[in-house]
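Colleague:
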Amino acid sequence: QCFVSTSTNPFINLSTEQHIFQSCYEHPVILMLYINSPCVVIGRNQNPWSEVNLPNILSSRTQTDAAWGGGAVDGVSLLRRRSGGGTVFHDLGNVNYSAIVPALGFTRDAHAEMVAEALERGGAVDRGVRVNERHDVVMAAGGVSVGGKGGEVPEVKLSGSAYKLNRTTALHHGTMLIESELGRVKRYINSEARGWIKGRGVASVRSPIENVKVDGGVVGFAEEVGRAWGRKYAGDAGTVAICYVTEEEALRIQEIKDGKEELESMVWMFDQTPKFTFSIPVSGLI
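Mapping the sequence shown onto the UniProt record's numbering, position 281 (from 1) lands on 281, and the numbers just tick up by one.
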């Protein structure tokens, strides 16, 4: 089964994803696809002060926006997700995919390889698309053809992943850069305080990134992922039942509404930060 969210509210989409993960049946085979309005999403065990440029995020918002949550129609939202991994930037040119499957037999590469296959079928052929040792989907820098070239071609990251597992169920969710405004990434994921903070939080691994061109853009890629899901779990002739979920339908479910409110809260965003120390340089001070 495939759920496609028609909402671009990241607080609703992440809460819907969490609800499906927590309430699915014993042997789930569920794909969820969604696109978020501009936002920065940090991992469950990360420090927002060291990962994110908080002043730039706040200055992107209008006076009518809440301090950090509430959707930020005219600016950039900041969220802490419930899974691990590093910090990512989402916008309308980035497609998010979530695979929810039985924990037994789950591997971190299985669905990344499925997505890499979808890229190649969508037109990103002969670009060296592959899954690396960090389970990221990468390709040759510049989208250049690697066919017949000798030596190593520098690679760029197209998709990062995060995971969450319980006793019976595994969640693998990832991003795919298709038509993202990459010039905005450095502005928001570049904390000037990074070198002054030491703590137990998980630090992001910085990697060069690029968009990958596929036929049909974000819609074309989403359709290819859906077909790849069908081939993987229903065979070449299999079909996938698609359920479109609107924002209004999602918020009728109390658990999703509660999850959205928790993600928007200052307590979840900042008080969940692992213990850390902030040291101000004393050089030049009297």
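The C-beta atom is built at its ideal place from N, Cα and C for all residues, glycine as well.
As the structure is a computational prediction, the values presented were derived from the model and not from experiment.
Taking the continuous beta strand (DSSP E) assigned at L79, which residues delimit it?
Modeller: 77-80
Colleague: Determine, using beta carbons only, whether residue 287 and A250 come nearer to each other than 8 Å.
Modeller: In this structure the chain extends from 1 to 286, so residue 287 is not present and cannot be described.
Colleague: How many angstroms separate the CA atom of P10 from the CA atom of S98?
Modeller: Cα-Cα distance, rounded: 14 Å.
Colleague: Excluding five sequence neighbours on each side, which residues of the same chain lie with their C-beta closer than 7 Å to the C-beta of V156?
Modeller: V138, M139, A141, P208, I209, E210
Colleague: Is R130 helix, strand or coil by DSSP?
Modeller: strand
Colleague: Which value, in whole angstroms, describes the spacing of the CA atoms of L119 and I280?
Modeller: In this model, L119 and I280 are separated by some 46 Å (Cα to Cα).
Colleague: So what does DSSP say about G201, is it helix, strand or coil?
Modeller: Shown here, G201 sits in coil according to DSSP, grouped into three states, outside any helix or strand.
Colleague: My output table needs one value for Y25: the three-state DSSP class, helix, strand or coil.
Modeller: coil
Colleague: Going straight from the alpha carbon of L177 to that of V95, what length do you get?
Modeller: 7 Å
Colleague: Alpha carbon to alpha carbon, how far is E179 from G93?
Modeller: 4 Å
Colleague: Grouping DSSP H, G and I as helix and E and B as strand, with all else coil, what is H173?
Modeller: strand
Colleague: Could you pull out every residue in the same chain whose Cβ sits closer than 8 Å to the Cβ of D80, ignoring the five residues on either side in sequence?
Modeller: The amino acid occupying residue 80 in the given sequence is Arg; Asp does not appear at that position. Closer than 8 Å at Cβ, skipping near neighbours: V41, I42, G43, R44, Q46, P48, L263, W268, M269, Q272.
Colleague: Less than 6 Å between C-beta atoms, sequence neighbours within five positions excluded: which residues of the same chain meet that for E223?
Modeller: Apart from sequence neighbours up to five positions away, no residue of its chain approaches E223 with a beta-carbon distance below 6 Å.
Colleague: Please tell me whether Q1 and R82 are closer than 8 Å, where the distance is taken between their beta carbons.
Modeller: no
Colleague: Pull up the distance between the alpha-carbon of D215 and that of R184, whole angstroms please.
Modeller: 24 Å
Colleague: Kindly indicate which residue of V212, I253, R130, A203 has the alpha-carbon position closest to the one of P274.
Modeller: Of the candidates V212, I253, R130, A203, the one whose C-alpha sits nearest the C-alpha of P274 is A203.
Colleague: Would DSSP call F11 helix, strand or coil?
Modeller: helix
Colleague: Should R134 go down as buried or exposed, given a rule of 16 or more other Cβ atoms within 10 Å for buried?
Modeller: exposed
Colleague: Can you tell me which residues form a DSSP beta bridge with T277?
Modeller: Per DSSP, K198.
Colleague: For T175 versus V101, is the C-beta distance shorter than 8 Å?
Modeller: no
Colleague: Inspect the beta-carbon positions of N56 and Y188 and report whether they are closer than 8 Å.
Modeller: yes
Colleague: Mind checking I20: buried by the 16 CB within 10 Å criterion, or exposed?
Modeller: buried
Colleague: Buried or exposed: which applies to G200, given that a residue is buried once 16 or more other Cβ atoms fall within 10 Å of its Cβ?
Modeller: The identity of residue 200 in the sequence shown is Arg, whereas the question assumes Gly. Under this definition R200 is an exposed residue.
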